[in-house]
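Notes to accompany the following structure.
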Amino acid sequence: MKRLPYSVKQVPGATLGYDIIEYDQEKQPYEKPTFEGYKLDLSPTLENTGYQINLEKKTGGFFKGGKREVRLVRKENSRLLYALSIFPLVIGVVVFLKRRKRLVP
(Lines of atoms letter the chains of each structure in order from A; the text may use other names.)
(Lines give C-alpha, C1' and ligand atoms only; values in the text may rest on other atoms or scores of the structure.)
Protein backbone atom coordinates (compact mmCIF):
# COMPACT_ATOMS: atom_id res chain seq x y z
CA MET A 636 0.00 0.00 0.00
CA LYS A 637 1.19 3.47 -0.82
CA ARG A 638 0.80 6.42 1.55
CA LEU A 639 -0.94 9.28 -0.30
CA PRO A 640 -2.01 12.87 0.51
CA TYR A 641 -5.75 13.60 0.73
CA SER A 642 -8.03 16.64 0.99
CA VAL A 643 -11.29 16.78 2.91
CA LYS A 644 -14.30 18.67 1.55
CA GLN A 645 -17.56 19.12 3.45
CA VAL A 646 -20.62 17.83 1.59
CA PRO A 647 -23.12 20.68 1.02
CA GLY A 648 -26.82 20.32 1.78
CA ALA A 649 -28.75 17.94 3.97
CA THR A 650 -26.55 14.92 3.27
CA LEU A 651 -24.10 15.74 6.09
CA GLY A 652 -20.62 14.36 5.91
CA TYR A 653 -17.35 14.75 4.10
CA ASP A 654 -15.79 13.75 0.79
CA ILE A 655 -12.21 12.56 1.01
CA ILE A 656 -10.45 13.35 -2.25
CA GLU A 657 -6.99 12.25 -3.34
CA TYR A 658 -4.87 15.42 -3.37
CA ASP A 659 -3.68 16.56 -6.80
CA GLN A 660 -1.13 19.42 -6.88
CA GLU A 661 -2.14 20.39 -10.45
CA LYS A 662 -5.88 20.59 -9.70
CA GLN A 663 -5.44 22.15 -6.24
CA PRO A 664 -2.35 24.41 -6.57
CA TYR A 665 -3.35 26.80 -3.75
CA GLU A 666 -4.36 24.14 -1.24
CA LYS A 667 -2.36 21.86 0.98
CA PRO A 668 -3.39 18.27 1.68
CA THR A 669 -5.45 17.82 4.84
CA PHE A 670 -3.79 14.54 5.81
CA GLU A 671 -1.84 11.56 4.49
CA GLY A 672 -3.08 7.99 4.63
CA TYR A 673 -3.69 4.67 2.97
CA LYS A 674 -6.72 4.02 0.77
CA LEU A 675 -8.98 1.15 1.80
CA ASP A 676 -11.62 0.25 -0.75
CA LEU A 677 -14.58 -0.95 1.32
CA SER A 678 -17.68 -0.74 -0.83
CA PRO A 679 -21.11 -0.65 0.88
CA THR A 680 -22.12 -3.53 -1.40
CA LEU A 681 -19.63 -5.90 0.25
CA GLU A 682 -21.08 -8.89 2.06
CA ASN A 683 -19.56 -8.09 5.46
CA THR A 684 -20.39 -4.89 7.31
CA GLY A 685 -17.51 -5.08 9.79
CA TYR A 686 -13.77 -5.34 9.22
CA GLN A 687 -10.67 -5.31 11.42
CA ILE A 688 -7.45 -3.57 10.45
CA ASN A 689 -4.14 -4.32 12.21
CA LEU A 690 -1.17 -1.99 11.88
CA GLU A 691 1.86 -4.15 11.07
CA LYS A 692 5.52 -3.30 11.70
CA LYS A 693 8.04 -3.51 8.85
CA THR A 694 10.01 -6.03 10.92
CA GLY A 695 6.95 -8.22 11.44
CA GLY A 696 4.42 -8.39 14.22
CA PHE A 697 1.75 -5.84 15.03
CA PHE A 698 1.83 -2.50 16.83
CA LYS A 699 0.29 -2.56 20.31
CA GLY A 700 -2.96 -0.61 20.09
CA GLY A 701 -2.82 -0.69 16.28
CA LYS A 702 -6.05 -2.67 15.84
CA ARG A 703 -9.05 -0.80 14.43
CA GLU A 704 -12.57 -1.86 13.57
CA VAL A 705 -14.35 -0.47 10.51
CA ARG A 706 -18.12 -0.75 10.26
CA LEU A 707 -19.97 0.07 7.08
CA VAL A 708 -23.32 1.82 7.41
CA ARG A 709 -25.67 1.12 4.54
CA LYS A 710 -28.04 3.87 3.47
CA GLU A 711 -31.05 1.59 3.75
CA ASN A 712 -30.28 1.25 7.49
CA SER A 713 -29.74 4.97 8.09
CA ARG A 714 -33.34 5.69 9.15
CA LEU A 715 -32.99 3.22 11.99
CA LEU A 716 -29.80 4.98 13.11
CA TYR A 717 -31.54 8.35 13.11
CA ALA A 718 -34.45 6.94 15.12
CA LEU A 719 -32.11 5.39 17.67
CA SER A 720 -30.10 8.59 18.05
CA ILE A 721 -33.24 10.71 18.59
CA PHE A 722 -34.73 8.30 21.17
CA PRO A 723 -32.70 9.62 24.18
CA LEU A 724 -33.69 13.18 23.28
CA VAL A 725 -37.39 12.24 23.27
CA ILE A 726 -37.04 10.53 26.66
CA GLY A 727 -35.24 13.61 28.03
CA VAL A 728 -38.04 15.93 26.85
CA VAL A 729 -40.71 13.68 28.42
CA VAL A 730 -38.86 13.59 31.77
CA PHE A 731 -38.32 17.36 31.65
CA LEU A 732 -42.02 18.05 30.99
CA LYS A 733 -43.16 15.68 33.77
CA ARG A 734 -40.84 17.31 36.31
CA ARG A 735 -41.88 20.78 35.22
CA LYS A 736 -45.56 19.86 35.55
CA ARG A 737 -44.94 18.73 39.16
CA LEU A 738 -43.11 21.98 40.06
CA VAL A 739 -45.49 24.45 38.40
CA PRO A 740 -49.07 24.37 39.81
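Heads up, the sequence shown is in my numbering, so the first residue is 636 and it goes up one at a time.
Beta carbons are placed, not taken as given, at the ideal position from N, Cα and C, and that holds for glycine.
Item                                                                                                                                        : Value
Please report the straight-line C-alpha distance between I688 and Y653, rounded to a whole angstrom.                                        : 22 angstroms
Run through the DSSP bridge pairs and tell me what Y665 is partnered with.                                                                  : DSSP, once it has assigned bridges, lists no residue as partnering Y665.
Alpha carbon to alpha carbon, what distance is there between T669 and T694?                                                                 : 29 angstroms
In its own chain, which residues sit with a C-beta less than 7 angstroms from the C-beta of G701, not counting the 5 before and 5 after it? : N689 and L690
In angstroms with no decimal places, state the Cα-to-Cα distance between K667 and V729.                                                     : 48 angstroms
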